[in-house]
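>
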Amino acid sequence: MKDTIYQLESSLHLINGSNRVRNLKTIGFNRERAITMTLLTNEYVLLVGVVLIAYISFKKEALTKTGMAASIVIGGIITFAFSLYGLLILASFFLSSSILGRKLDGTQGRHETFEEKGEKRDAKQVLANGGWAAAASLLFILTDDMIWLLAFISSLASANSDTWASAIGKQSHSPPRRLLTKEVVPVGQSGGTTRLGNLGALMGSAFVVLIGYLLINMQDFGSVPVPWFVWCLIIMVGFISQWIDALSGDFLQALYQCNKCGRFTERNIHCKKSTTIVKGRMWMDNDFVNHLCTVFGFILGAMIGVYFNI
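Numbering-wise (our numbering), the sequence shown opens with residue 348 and increments by one.
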């Protein structure tokens, strides 16, 4: 710690999690704030925080054991790529979606027998929602290219858009309809959308992107600024990505019928008995559909960065 203070005072530089430096006099940081920010952006300090948050989430039943392990891996990669900035964006997705799901859980109970999984996230769910953000982080570590920052934010905006659309859409008084044919589908079945759900999707994407926009100056990413219209485009990418989820869920995701009660479900076990697949591909479950949603955001986010030379 003394060595850290000495280096800060002698060089008047702030070292962040990506080992970039800023002159303290230029940005107006005093000694105490510089030391605090150095600790907050130290990768190993942040990694301890990632482990603690994952463990608390497990104890609060927001994550399974495998989900906790996957969260630590993803959080660790993001830590070494984007430091505190990246973790705050990840937290904006995870915390908002978890809280929203739990707050609205009382009205969703009637759909639990239909949907494949509940609110407790396992490793497959964590990877489906955050795996491509981790991939963008790893590519940023390897290349130091800003396009992967945009891909990172865009993939998480897509995941949050889809999650908010699902949670808020179930509160709609209007029945969900297929995106292309507008046919009514049962509430809770993948592939259905509502106007309220679309509004929730837009809000979910905007929430993550707004966090990224407001906090961008907390870490030095170089001299290339991200124009305001690029942030707006990323919001739209996140919003559109949840339509990829809806279309995939409608045309490709497996749908089963219970052999005992006759109900349709996304589960391969219902009423303690095996179900019969009636639509889609057996390997195309909800997690695979979520992968398609987030990889779409990942790809479009990177393409935006390339096109506008970010």
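From the three backbone atoms N, C-alpha and C, an ideal C-beta is built for every residue, glycine too.
Note that the coordinates shown come from a computational prediction; the quantities given were computed from them, not determined experimentally.
1. Give me, in chain order, the residues of the same chain whose beta-carbon lies closer than 6 Å to that of residue 555; leave out the 5 immediate sequence neighbours on both sides.
2. Using the three-state DSSP reduction, which class does residue 626 fall into: helix, strand or coil?
3. Please state whether DSSP places residue 468 in a helix, a strand or coil.
4. Identify the continuous alpha helix (DSSP H) that holds residue 589 and give its terminal residues.
5. For residue 415, collect the residues of the same chain with a Cβ closer than 6 Å to its Cβ; drop the 5 residues on either side in sequence, then sort them by chain order.
6. Three-state secondary structure (DSSP) at residue 640?
7. Am I right that residue 469 and residue 637 are in contact with their C-beta atoms under 8 Å? What's the rounded C-beta distance?
8. Quick check on residue 652: does DSSP put it in helix, strand or coil?
9. Give me whichever residues DSSP pairs with residue 621 in a beta bridge.
10. Mapping the DSSP letters down to three states, classify residue 540 as helix, strand or coil.
11. Nearest CA to the CA of residue 565: which residue from 432, 600, 487 and 399?
12. In its own chain, which residues sit with a C-beta less than 7 Å from the C-beta of residue 486, not counting the 5 before and 5 after it?
13. Going by the CB atoms, is the gap between residue 548 and residue 511 shorter than 8 Å?
14. Quick one: is residue 530 buried, meaning 16 or more other Cβ sit within 10 Å of its Cβ, or exposed?
15. Measuring straight from C-alpha to C-alpha, what distance separates residue 467 and residue 410?
16. In terms of residues, what are the limits of the beta strand (DSSP E) holding residue 602?
17. With distances taken from CA atoms, which of 610, 633 and 635 is nearest residue 623?
18. Mapping DSSP to helix, strand and coil, what is residue 526?
19. Which residues share a DSSP beta bridge with residue 497?
20. Could you round the C-beta distance between residue 648 and residue 584 to whole angstroms and report it? I think they count as a contact, below 8 Å.
21. Looking at residue 514: is its Cβ nearer than 8 Å to the Cβ of residue 447?
Considering the structure as presented:
1. Residue mapping note: residue 555 aligns to position 208 of the sequence shown, counting from 1. So the list reads 439, 440, 503, 504 and 507, once near-sequence residues are dropped.
2. Here residue 626 corresponds to residue number 279 of the sequence shown, with the count starting at 1. It is a strand residue.
3. Locating residue 468 in the sequence shown gives position 121, where the first residue counts as 1. It is a strand residue.
4. Against the sequence shown, residue 589 aligns to sequence position 242. From DSSP, the alpha helix (DSSP H) with residue 589 extends over 575 to 598.
5. As a working note, residue 415 is residue 68 in the sequence shown. If we look at residue 415 and ignore the five residues flanking it on each side, its Cβ neighbours are 401 and 405.
6. Reading the sequence shown from its first residue, position 293 is the one you call residue 640. Of the three classes helix, strand and coil, the one that applies to residue 640 here is helix, per DSSP.
7. The residue given as residue 469 occupies position 122 in the sequence shown. The residue given as residue 637 occupies position 290 in the sequence shown. About 12 Å; that fails the 8 Å criterion.
8. Within the sequence shown, numbered from 1, the residue matching residue 652 stands at position 305. Here residue 652 sits in helix by DSSP.
9. As a working mapping, residue 621 is identified with position 274 in the sequence shown. The partner list for residue 621 (beta bridge, DSSP) reads 616.
10. If you number the sequence shown from 1, residue 540 lands on position 193. Residue 540 falls in the strand class under three-state DSSP.
11. Position 218 of the sequence shown holds residue 565. Closest option to residue 565, Cα to Cα, is 432.
12. As a working mapping, residue 486 is identified with position 139 in the sequence shown. For residue 486, where only same-chain residues beyond five positions count, the Cβ hits under 7 Å are 495.
13. Here residue 511 corresponds to residue number 164 of the sequence shown, with the count starting at 1. Here residue 548 corresponds to residue number 201 of the sequence shown, with the count starting at 1. Yes.
14. Your numbering for residue 530 matches position 183 in the sequence shown. So residue 530 ends up on the exposed side.
15. Here the question's residue 467 lines up with position 120 in the sequence shown. Here the question's residue 410 lines up with position 63 in the sequence shown. Residue 467 and residue 410: Cα-Cα distance of roughly 5 Å.
16. Translated into positions along the sequence shown, residue 602 becomes position 255. Run containing residue 602: 602 to 605, per the beta strand (DSSP E) assignment.
17. As a working note, residue 623 is residue 276 in the sequence shown. Out of 610, 633 and 635, 610 has the C-alpha closest to the C-alpha of residue 623.
18. Locating residue 526 in the sequence shown gives position 179, counting from the first residue. It is coil, neither helix nor strand.
19. Residue mapping note: residue 497 aligns to position 150 of the sequence shown, counting from 1. Paired residues: none, contrary to the question.
20. Here the question's residue 648 lines up with position 301 in the sequence shown. Here the question's residue 584 lines up with position 237 in the sequence shown. Right, the Cβ-Cβ distance comes to about 6 Å (below 8 Å), so this counts as a contact.
21. As a position in the sequence shown, residue 514 is number 167, starting the count at 1. As a position in the sequence shown, residue 447 is number 100, starting the count at 1. Against a cut-off of 8 Å, the Cβ pair of residue 447 and residue 514 comes out as a contact.
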